[in-house]
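As structure tokens, the structure follows; a few thoughts come after it.
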Amino acid sequence: YNSIMTKALADRLAEAFAEYLHHYARTEVWGYEQPQSLDNVQLIDEQYRGIRPAFGYPACPDHLPKETLWKLLDPEGHAGIKLTESYAMWPAASVSGLYFAHPESRYFAVDMVTKDQVESYAQRSGKTVEQIERWLAPNLGY
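Here the sequence shown stands for residues 1103 to 1244, numbered as in this note's numbering.
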């Protein structure tokens, strides 16, 4: 029980810190939102400008771009966060993603992709079609 509760708390704290960093980016770094301009209900309903999609979630189902993110940011060297062979982050209570500030940014889900889309993505990403098919298996429409 204690282990389960500790893991749940760690996950919630990681998500809360990700939300805090997004708020900090909106109000301090990019400065397009005034501090305290949204109440808690508006924050929960994500009524702020911009989005923060994460790899492995519906808008970015592919985990492979984490390789590039790790090369750019070196989270292992800075924070001890590692990628497993399956691109899961360790420790498990870790989050990574992207911030988009454009006012028309909206969350969406990647639907089924076609063979030609997979081939194009593989070519542009420097991966094989088989690698892309492995990681996007739930999204393959063929």
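Each residue gets a CB set at the ideal place from its N, CA and C atoms; glycine is no exception.
Query                                                                                                                                                        : Result
Would Glu1117 and Val1197 be called neighbours here (beta carbons separated by less than 8 angstroms)?                                                       : yes
Bridge partners of Leu1242, per DSSP?                                                                                                                        : Val1215
Considering just the uninterrupted stretch of the alpha helix (DSSP H) at Val1143, what are its terminal residues?                                           : 1142 to 1146
What whole-angstrom Cβ distance do Arg1154 and Pro1205 have, given they're in contact under 8 angstroms?                                                     : That belief does not hold up - the Cβ atoms of Arg1154 and Pro1205 are roughly 15 angstroms apart, past 8 angstroms.
Kindly indicate which three-state DSSP category Tyr1159 falls into: helix, strand or coil?                                                                   : strand
List the whole-angstrom C-beta distance separating Ala1161 from Tyr1209, where the pair is believed to meet the contact cut-off of C-beta under 8 angstroms. : 6 angstroms
If we ignore side chains and look at the alpha-carbon of each, how far apart do Ser1105 and Arg1128 end up?                                                  : 35 angstroms
So the alpha helix (DSSP H) Phe1119 belongs to, where does it begin and stop?                                                                                : 1104 to 1126
Alpha carbon to alpha carbon, how far is Glu1178 from Ala1190?                                                                                               : 13 angstroms
Distance check for Phe1119 and Ala1194, CA to CA, integer angstroms please.                                                                                  : 15 angstroms
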